[in-house]
Amino acid sequence: MSNLTANLITIDGPAASGKSSVSRELARKLGWKWVSTGAFYRGLAYVAMKEGVAPTDTAQLVRLAHSGVWSVRLDEDQTRVFYKKDDVTVEILSEENGTRASKVSQIPEVRQALLENQRDCAVGVTGLVAEGRDCGTVVFPQALLKIYLTASQEERAARRAREHGLNVQETQNSQQKRDQQDSSRAAAPLQIPDDARVVDSGGMGLAEVVEKVYSWATQAMAQSVKSF
Ligand code: DC
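Start counting the sequence shown at 1; every next residue gets the next number (the numbering used here).
Here it is, written out as structure tokens:
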């Protein structure tokens, strides 16, 4: 990891806080790659379900994490997941699979098994925007800029429900459970990195959030060139 020369920006936060949309736009403006690290957990959870592996079976989950039966690809518009040649990017994004992903992500051995592939996303690129729950604390603690993006529970549930055509109250209940699980786990819980800037996107449009983070990014890059 110490050999990494890519510029790194991390965006962490709870479910449906807008991390993917902000990361995608920010990366586009910077001409960098972006990765949703949640796709690794969602992908593994989905593949485990398809292969009949229980979300609590550590040994089998670790085996699957390293198997060639599935893969992740960074595209400009999405972090894509392939399972046996099928593009399952849409399938993994369901709220149900998010709950499964949260479950497998509790297991330290699973997190460890997925970590290297997440870090590899920063190899051979000029810059990377990485979003998830532990990007600033564990995956890329050396990042140039760390953002913690949040919004009220109600706004986040309404956003996700609108995007997926779901019931708002049911979505809120499911997200609440998932946030609680992601924040209280022992291994790499969702937390605000010490050196992060917190953005509450409540009442802000996407363009406004991206503009704010972009200006911090350009400042941080100018600063790092100066101190180099
Ligand atoms: O960001 P997301 O909703 O796609 O993430 C799905 C689940 O994956 C989330 O509930 C917890 C887990 N996750 C994680 O533990 N660490 C990350 N860096 C990203 C996601």
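Every residue, glycine too, gets a C-beta built ideally from N, C-alpha and C.
Original post:
Could you give the distance in angstroms between the alpha-carbon of G165 and the alpha-carbon of F40?
Top reply: 24 angstroms
Give me the Cβ distance between G18 and S201, rounded to the nearest whole Å; I'm assuming they're in contact under 8 angstroms.
5 angstroms
Quick check: what's the CA-CA separation for K177 versus D86? 30 angstroms
Go ahead and pull the three-state DSSP assignment for L149.
strand
Closer than 7 angstroms: is that where the CB of C121 sits relative to any heavy atom of the ligand DC? no
Determine the contact status of A45 and N97, defining contact as a CB-CB distance below 8 angstroms.
yes
*State the Cα-Cα distance for the pair P193 and V138, rounded to the nearest angstrom.*
10 angstroms
*Helix, strand or coil for V22 per DSSP?*
helix
Quiz item: Three or more C-beta pairs closer than 8 angstroms, one from the segment 118 to 132 and one from the segment 171 to 186: is that the case here?
Solution: no
Q | Assumed close pair V104, P55 - CB separation to whole angstroms, cut-off 8 angstroms | A | 5 angstroms
- prompt: From P189, L114, D195 and N167, pick the residue whose C-alpha is nearest to that of A143; which is it?
  reply: D195
Secondary structure of W32, DSSP reduced to three states:
coil
> What span of residues does the beta strand (DSSP E) with D74 cover, start to end?
Replying inline: It should be noted that the sequence gives Leu, not Asp, for residue 74. Segment W70 to L74, the beta strand (DSSP E) holding L74.
Check: So, helix, strand or coil for V225, using DSSP?
Finding: helix
### Query
Among all the DSSP beta bridges, which residues are the ones paired with Y83?
W70 and D86
When DSSP labels each residue in this structure, what does A220 get in the three-state scheme? helix
- Looking at G18 and the ligand DC, is the gap between the Cβ and the nearest heavy atom below 7 angstroms? no
Buried or exposed: L64, going by 16 or more other Cβ atoms within 10 Å of its Cβ? buried
- Which same chain residues, not among the five before or five after V199, have their C-beta less than 8 angstroms away from its C-beta? I147, Y148, L149, T150, V209, K212 and V213
- Go ahead and pull the three-state DSSP assignment for A130. strand
| query | Opposite V198 in the DSSP bridges: which residues? | reply | Y148
D120: first and last residue of the uninterrupted alpha helix (DSSP H) it sits in: P108 to D120
- prompt: Touch check for the segment 7 to 26 and the segment 104 to 117: three-plus C-beta pairs under 8 angstroms?
  reply: no
Is the Cβ-Cβ distance between E109 and T58 less than 8 angstroms?
-> yes
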